[in-house]
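Written below as structure tokens is the structure these notes are about.
Number of protein chains: 2
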Amino acid sequence: MATKVTPRSVDYSRWYTDVIQMADLADYAPVRGCMVIKPYGYALWENIKEGLDRRFKATGHVNAYFPLFIPYSFIQKEAEHVKGFSPELAVVTVGGGEELEEPLVVRPTSETIIGYMYSKWVQSYRDLPILINQWANVVRWEKRTRLFLRTTEFLWQEGHTAHATAEEAIEETLLILNIYEDFAVNDAAIPVIKGRKSESERFAGAVTSYTIEAMMGDKRALQAGTSHFLGQNFARAFDIKFLDQNNQLQYAWTTSWGVSTRMVGAVVMVHGDDQGLILPPKLAPIQVVIVPIWRDDEERARILEFAGQVKAALEPEVRLKLDDREGFSPGWKFNDWEMRGVPLRIEVGPKDMEQEQVVLARRDRPGKEGKTTVPVAGVKQAVQDMLATIQTDLYRRALAFREENTYYPETYEALCEAVAKGFAWAWWCGDAACEAKVKEETTATIRCIPLDQEPGTGPCVVCGRESRERAVFARAY
Amino acid sequence: MATKVTPRSVDYSRWYTDVIQMADLADYAPVRGCMVIKPYGYALWENIKEGLDRRFKATGHVNAYFPLFIPYSFIQKEAEHVKGFSPELAVVTVGGGEELEEPLVVRPTSETIIGYMYSKWVQSYRDLPILINQWANVVRWEKRTRLFLRTTEFLWQEGHTAHATAEEAIEETLLILNIYEDFAVNDAAIPVIKGRKSESERFAGAVTSYTIEAMMGDKRALQAGTSHFLGQNFARAFDIKFLDQNNQLQYAWTTSWGVSTRMVGAVVMVHGDDQGLILPPKLAPIQVVIVPIWRDDEERARILEFAGQVKAALEPEVRLKLDDREGFSPGWKFNDWEMRGVPLRIEVGPKDMEQEQVVLARRDRPGKEGKTTVPVAGVKQAVQDMLATIQTDLYRRALAFREENTYYPETYEALCEAVAKGFAWAWWCGDAACEAKVKEETTATIRCIPLDQEPGTGPCVVCGRESRERAVFARAY
Chain A
1 MATKVTPRSV DYSRWYTDVI QMADLADYAP VRGCMVIKPY GYALWENIKE
51 GLDRRFKATG HVNAYFPLFI PYSFIQKEAE HVKGFSPELA VVTVGGGEEL
101 EEPLVVRPTS ETIIGYMYSK WVQSYRDLPI LINQWANVVR WEKRTRLFLR
151 TTEFLWQEGH TAHATAEEAI EETLLILNIY EDFAVNDAAI PVIKGRKSES
201 ERFAGAVTSY TIEAMMGDKR ALQAGTSHFL GQNFARAFDI KFLDQNNQLQ
251 YAWTTSWGVS TRMVGAVVMV HGDDQGLILP PKLAPIQVVI VPIWRDDEER
301 ARILEFAGQV KAALEPEVRL KLDDREGFSP GWKFNDWEMR GVPLRIEVGP
351 KDMEQEQVVL ARRDRPGKEG KTTVPVAGVK QAVQDMLATI QTDLYRRALA
401 FREENTYYPE TYEALCEAVA KGFAWAWWCG DAACEAKVKE ETTATIRCIP
451 LDQEPGTGPC VVCGRESRER AVFARAY
Chain B
1 MATKVTPRSV DYSRWYTDVI QMADLADYAP VRGCMVIKPY GYALWENIKE
51 GLDRRFKATG HVNAYFPLFI PYSFIQKEAE HVKGFSPELA VVTVGGGEEL
101 EEPLVVRPTS ETIIGYMYSK WVQSYRDLPI LINQWANVVR WEKRTRLFLR
151 TTEFLWQEGH TAHATAEEAI EETLLILNIY EDFAVNDAAI PVIKGRKSES
201 ERFAGAVTSY TIEAMMGDKR ALQAGTSHFL GQNFARAFDI KFLDQNNQLQ
251 YAWTTSWGVS TRMVGAVVMV HGDDQGLILP PKLAPIQVVI VPIWRDDEER
301 ARILEFAGQV KAALEPEVRL KLDDREGFSP GWKFNDWEMR GVPLRIEVGP
351 KDMEQEQVVL ARRDRPGKEG KTTVPVAGVK QAVQDMLATI QTDLYRRALA
401 FREENTYYPE TYEALCEAVA KGFAWAWWCG DAACEAKVKE ETTATIRCIP
451 LDQEPGTGPC VVCGRESRER AVFARAY
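As you go down the protein sequences, you meet chains A and B in turn. Each residue of the first sequence is one higher than the one before, counting from 1 in this note's numbering. Each residue of the second sequence is one higher than the one before, counting from 1 in this note's numbering.
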């Protein structure tokens, strides 16, 4: 793995695909727009899953599994939904050697089939709320694809809940948005802006779509998770009705929300550098790699024994690997693990062994600045502290980067300049025409209308009308 | 959940589907042959996954993810494979509104697409072995379906490994078979017979298929997991070649192996009774339910406080639920949790509270025989011991049941009688004609040729020829 990736400054897009492949996260599949998630990439996804799943379960959600195939007629029942998803469908027309009477859609998302099941399961207010999540694969026939960010098939979780009142459903939608933020900030070390989508960017069939938006290393935005208040749209389409406490028949209020393998792409783009990946310790499949340094066979045996003691002191709390491969120089190994983004390297050489110490080298601080020598006696605490520091520092660095590249343009001209180099918070009147003009002339879109707004009003950055909210404009993935 | 299931003795098949639905494990989906795995059933599957995944990882396997869609031409590359799977394929012919140039098969199993990727990844003996597993959904267009046992779509793990030598690949195949046995015996409390499949029952494309076979409550056999030595069949079909240590180009040797959601069906059928499910403690989503018993509101508050203390003493080591629902009698709750198969119930009444004790009631021993009174002070140890005892007893009971219903017929007539009422171990000459005759005349098939055989020879139970091995004949799911 001595080969170098294309530098970020030369070609960010090539840097991204180089890193994904050279760090062994994923490979292209022999099917249009699909990828293979390789073991290292999948281990990262498993940690993302675990971090989210734990939070869902702690807030009363349960997992279930619904069919991959959806009758074509289901998709057509919610007017906006069919409009949004029709162009992206993969359709099964043959099963068991015979043409099917009704074609089956490979799920692009599961509101419809889950709505159908909920209508069977819900009769009374006592059957509510239903708080179900599903970990699954979905398929959307995308025109342009990119590893992890946009693939024909991807993995995700999709939560689908049903409630007796609109208030409760909205509360759920925001609870999940906060879980997504908490995961992004604390596990992925990615600062996000919580906000609601404009009408034009809303999920097909939603009343309100909420999102977390993150800034990537090239200053573009990435939608990293969405949470939708669906009102009674799907309840009406699929007849999810219940008898309330006054014995009145009511339609339920539903929500849906999802985070996908796209999150892996976000982690790569937010933290990586020209040496490759940098993984936040909480998500890293390998948090610490021990690289032993020896000159000859006699020394090798003794160093490996010493390294084994260090390993034993750290396990099982720390996820680590002792790289005892022969035939590779320490320098080669350093590069290899840097490419894979292992947050902390422990160097163990003859001098260290003599002095009962080891060298900790931070992935996020290359060179001498990131090296510390610690006595073996206190290595466990030192490593755990260092991993916590790296986790925090990665977040702070990403936050500072976003702040540096965030602008508050007051004029249309300033907006156009701002979106070419970062995020632009600007007054927006709420008119789709103003939004469309920006998109057409700059390719930037409204990423969200942030939930946390300073009070006040100001002139719309496009039309000048008095506006009550700022929107975040940016070019996006 | 006061409704009763159809008794096993009246109609085993209806009993099975009644239990699945009334214990809330699964529901029928609006797509032919598909099911919805409900939260309680999915929690059971999550525990099965965890038990297997832990064992795979402990033996050096890693998870990855390969595409759902397989180009149609891939399926056709291995002659036996295409013959076996062609009749069962679901085919995507339309994507993004357009007819596809090459139709895509929804994976029925992934040897082909994974073989294609391995041919890209493997160049040298240093790239071997590859020890990858995948948790995924697969689709087989089955004619007759049954909840969990045979559904059009099902969930499973499929391991796919590649090795430099045949010996190593065979060793892997048997390592996995032993993992499957270990999981079945120790987690699912299901005794299994390890053996190899006859040629007619072999996986399409395998050289040797190994299996674990279990006896269900109606004395039929269920194939609960398979592990296949694929020889070089898929390596040749997909060109998985490597330079060996002598710089010679060689085809790799591959294996594949899988356990599916069918395992849930096995757990239901092996342990359940006329009151519903009985779950082995290691897999039970809820291991213990605390049912408080009160007469009035004043007592209710005090009992709930006491029950809360019991709960606190047991968590988090024990997965438990305190059933504090109002408006349901204790007896109704007992039935409800019995239907769901919770292994241990803790009853907490006013008298128990006074005497600082609780009553433990075993799900697998209905009535007084299964009740024990234990002091609150020692409740944690008592509960953990009891769960371990239940786990062991369930296994012993299943083993005794299988032994009681296993026969060793020496004549063809005795074989025909034996397969009507259980498993038949009988000498078999290895001739497919003898096997076919049994199948045609009794519907029983050779489940496996057990790996553990008493030495010796005997006359084939069908044709009388000298035979070196016994086969297990049984009617099967």
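From the three backbone atoms N, C-alpha and C, an ideal C-beta is built for every residue, glycine too. Every value quoted in this text rests on a predicted model; they were computed, and no experiment measured them.
Would you kindly work out how many angstroms separate the C-alpha atoms of residue 31 of chain B and residue 54 of chain A, rounded to a whole number? Within the second sequence, the letter at position 31 stands for residue 31 of chain B. Within the first sequence, the letter at position 54 stands for residue 54 of chain A. The alpha-carbon atoms of residue 31 of chain B and residue 54 of chain A are separated by roughly 31 Å.
Can at least three beta-carbon pairs, one atom from the stretch 280-298 of chain A and one from the stretch 152-171 of chain A, be found at a separation below 8 Å? Note that the stretch 280-298 of chain A does not touch the stretch 152-171 of chain A; fewer than 3 beta-carbon pairs, one per stretch, sit closer than 8 Å.
Partner residues on chain A for residue 95 of chain B, Cβ-Cβ distance less than 7 Å: Here residue 95 of chain B refers to the residue found at position 95 when the second sequence is read from its first residue. Simply 90 and 141.
Confirm, please, whether the CB-CB distance from residue 26 of chain B to residue 36 of chain B is below 8 Å. Stepping through the second sequence from its first residue, residue 36 of chain B is reached at position 36. Stepping through the second sequence from its first residue, residue 26 of chain B is reached at position 26. Judged by beta-carbon spacing, residue 26 of chain B lies within the 8 Å limit of residue 36 of chain B, meaning their Cβ atoms are closer than that value.
Who are residue 146 of chain A's beta bridge partners in DSSP? The sequence position of residue 146 of chain A within the first sequence is 146, counting from 1. In DSSP, residue 146 of chain A forms a bridge with A:150.
Starting from residue 429 of chain A, follow the beta strand (DSSP E) in both directions and report where the run begins and ends. As a working mapping, residue 429 of chain A is identified with position 429 in the first sequence. Element bounds for residue 429 of chain A: n/a, residue is neither H nor E.
Answer yes or no: does any C-beta atom of chain A fall closer than 8 Å to that of residue 106 of chain B? For the purposes of this step, residue 106 of chain B is identified with residue 106 of the second sequence, where counting begins at 1. True, the Cβ-Cβ gap to chain A drops below 8 Å.
Using a Cβ-Cβ cut-off of 8 Å, state whether residue 460 of chain A counts as contacting chain D. In summary, chain D is missing from the structure at hand, where the protein chains are A and B.
Can you tell me whether DSSP reads residue 207 of chain B as helix, strand or coil? Counting from 1 along the second sequence, the entry for residue 207 of chain B is found at position 207. If DSSP states are grouped into helix, strand and coil, residue 207 of chain B belongs with coil.
For residue 9 of chain B and residue 154 of chain B, I'd like the C-alpha separation in whole angstroms. Counting from 1 along the second sequence, the entry for residue 9 of chain B is found at position 9. Counting from 1 along the second sequence, the entry for residue 154 of chain B is found at position 154. Those two C-alpha atoms are separated by around 29 Å.
For residue 21 of chain A and residue 42 of chain B, the rounded distance between their alpha carbons: To locate residue 42 of chain B, count along the second sequence from 1; it is residue 42. To locate residue 21 of chain A, count along the first sequence from 1; it is residue 21. Taking the straight line from one Cα to the other gives about 34 Å.
Under 8 Å between the Cβ atoms of residue 374 of chain A and residue 310 of chain A? Here the question's residue 374 of chain A lines up with position 374 in the first sequence. Here the question's residue 310 of chain A lines up with position 310 in the first sequence. Cβ atoms of residue 374 of chain A and residue 310 of chain A: not closer than 8 Å.
If you draw a straight line from the C-alpha of residue 531 of chain A to the C-alpha of residue 136 of chain A, how long is it? Outside the modelled stretch of chain A, which goes from 1 to 477, sits residue 531 of chain A, for which no answer is possible.
Looking only at its chain, what residues have a beta carbon closer than 7 Å to the beta carbon of residue 339 of chain B, apart from the 5 residues adjacent to it on each side? Sequence index remark: in the second sequence, residue 339 of chain B carries index 339 (1-based). Around residue 339 of chain B: 1, 22, 23, 275, 276 and 277.
Within this structure, are the beta carbons of residue 61 of chain B and residue 132 of chain B separated by less than 8 Å? For this step, residue 61 of chain B is matched to residue 61 along the second sequence. For this step, residue 132 of chain B is matched to residue 132 along the second sequence. Cβ atoms of residue 61 of chain B and residue 132 of chain B: closer than 8 Å.
Mind checking whether residue 437 of chain A and residue 445 of chain A have CB atoms under 8 Å apart? Your numbering for residue 437 of chain A matches position 437 in the first sequence. Your numbering for residue 445 of chain A matches position 445 in the first sequence. If you check the CB distance, residue 437 of chain A and residue 445 of chain A do not come in under 8 Å.
Beta-carbon neighbours of residue 63 of chain B, restricted to chain A and to distances below 8 Å: What you label residue 63 of chain B is simply residue 63 of the second sequence in a count that begins at 1. Residues of chain A passing the Cβ test: 39, 42, 43 and 46.
Would you tell me roughly how many angstroms separate the C-alpha atoms of residue 407 of chain B and residue 418 of chain B, rounded to the nearest one? Residue mapping note: residue 407 of chain B aligns to position 407 of the second sequence, counting from 1. Residue mapping note: residue 418 of chain B aligns to position 418 of the second sequence, counting from 1. So the two alpha carbons sit approximately 6 Å from each other.
What's the C-alpha gap between residue 147 of chain B and residue 263 of chain B? Taking the first residue of the second sequence as 1, we reach residue 147 of chain B at position 147. Taking the first residue of the second sequence as 1, we reach residue 263 of chain B at position 263. C-alpha separation (whole angstroms): 11 Å.
Contact with chain A by residue 87 of chain B, beta-carbon distance below 8 Å: Position 87 of the second sequence, counted from the first residue, corresponds to residue 87 of chain B. So yes, residue 87 of chain B belongs to the interface.
Check whether the Cβ atoms of residue 257 of chain B and residue 190 of chain B lie closer than 8 Å to each other. Translated into positions along the second sequence, residue 257 of chain B becomes position 257. Translated into positions along the second sequence, residue 190 of chain B becomes position 190. No, they are not a contact pair.
Distance check for residue 252 of chain A and residue 235 of chain A, CA to CA, integer angstroms please. Here residue 235 of chain A is taken as the residue at index 235 of the first sequence, counted from 1. Here residue 252 of chain A is taken as the residue at index 252 of the first sequence, counted from 1. In this structure, the CA atom of residue 235 of chain A is about 6 Å from the CA atom of residue 252 of chain A.
With respect to the alpha helix (DSSP H) encompassing residue 313 of chain A, which residues constitute its N-terminal and C-terminal limits? By 1-based counting over the first sequence, the position of residue 313 of chain A is 313. Residues 297-314.
For residue 230 of chain B and residue 259 of chain B, believed in contact at Cβ under 8 Å, the rounded distance: Position 259 of the second sequence, counted from the first residue, corresponds to residue 259 of chain B. Position 230 of the second sequence, counted from the first residue, corresponds to residue 230 of chain B. Rounded to whole angstroms, the Cβ separation of residue 259 of chain B and residue 230 of chain B is 17 Å, and the two are not in contact under 8 Å.
Does DSSP classify residue 405 of chain A as helix, strand or coil? By one-based count along the first sequence, residue 405 of chain A stands at place 405. Note: residue 405 of chain A maps to coil in three-state DSSP.
Quick check on this structure: which residue in A:279, A:219 and A:103 has the alpha carbon closest to the alpha carbon of residue 387 of chain A? Counted from its first residue, the first sequence places residue 387 of chain A at position 387. Checked all of A:279, A:219 and A:103; the closest Cα to residue 387 of chain A is A:279.
Near-chain B residues of the stretch 182-204 of chain A - C-beta to any C-beta below 9 Å: none
Any beta carbon from chain B within less than 8 Å of residue 176 of chain A's own beta carbon? Here residue 176 of chain A refers to the residue found at position 176 of the first sequence. With 8 Å as the cut-off, residue 176 of chain A does not count as an interface residue toward chain B.
Between the Cα of residue 157 of chain A and the Cα atoms of A:149, A:110, A:13 and A:151, which residue gives the shortest distance? Counted from its first residue, the first sequence places residue 157 of chain A at position 157. Among A:149, A:110, A:13 and A:151, the Cα nearest to that of residue 157 of chain A belongs to A:110.
Determine the chain B residues that contact residue 27 of chain A at a beta-carbon separation under 9 Å, and present them in chain order. Taking the first sequence and counting its residues from 1, one reaches residue 27 of chain A at position 27. By Cβ distance, chain B contributes 117, 120 and 121.
Rounded to whole angstroms, what's the CA-CA distance from residue 100 of chain B to residue 86 of chain A? Just pull it up for me. Position 100 of the second sequence, counting from 1, holds the residue named residue 100 of chain B. Position 86 of the first sequence, counting from 1, holds the residue named residue 86 of chain A. C-alpha separation (whole angstroms): 16 Å.
Does the beta carbon of residue 1 of chain B sit closer than 8 Å to a beta carbon anywhere in chain A? Along the second sequence, one-based indexing puts residue 1 of chain B at 1. Low local confidence applies: a pLDDT of 46 at residue 1 of chain B is under 50, so the model's placement there is unreliable, with the coordinate-based value given in what follows. It does not: the Cβ of residue 1 of chain B has no partner Cβ on chain A nearer than 8 Å.
Residue 164 of chain B burial status per 10 Å Cβ neighbour count (16 or more: buried): Translated into the one-based positions of the second sequence, residue 164 of chain B becomes position 164. Buried, since its Cβ has 16 or more Cβ neighbours within 10 Å.
Using alpha carbons as the reference points, say which of B:90, B:412 and B:381 lies closest to residue 70 of chain B. Position 70 of the second sequence, counting from 1, holds the residue named residue 70 of chain B. Between residue 70 of chain B and the set B:90, B:412 and B:381, the nearest pair of CA atoms involves B:90.
7 Å Cβ cut-off: residues of chain B touching residue 132 of chain A: Stepping through the first sequence from its first residue, residue 132 of chain A is reached at position 132. Going along chain B in sequence order, the residues near residue 132 of chain A (Cβ under 7 Å) are 39.
Skipping 5 residues on each side, what residues in its chain have a beta carbon closer than 6 Å to that of residue 144 of chain B? Within the second sequence, numbered from 1, the residue matching residue 144 of chain B stands at position 144. Result list for residue 144 of chain B: empty, nothing under 6 Å.
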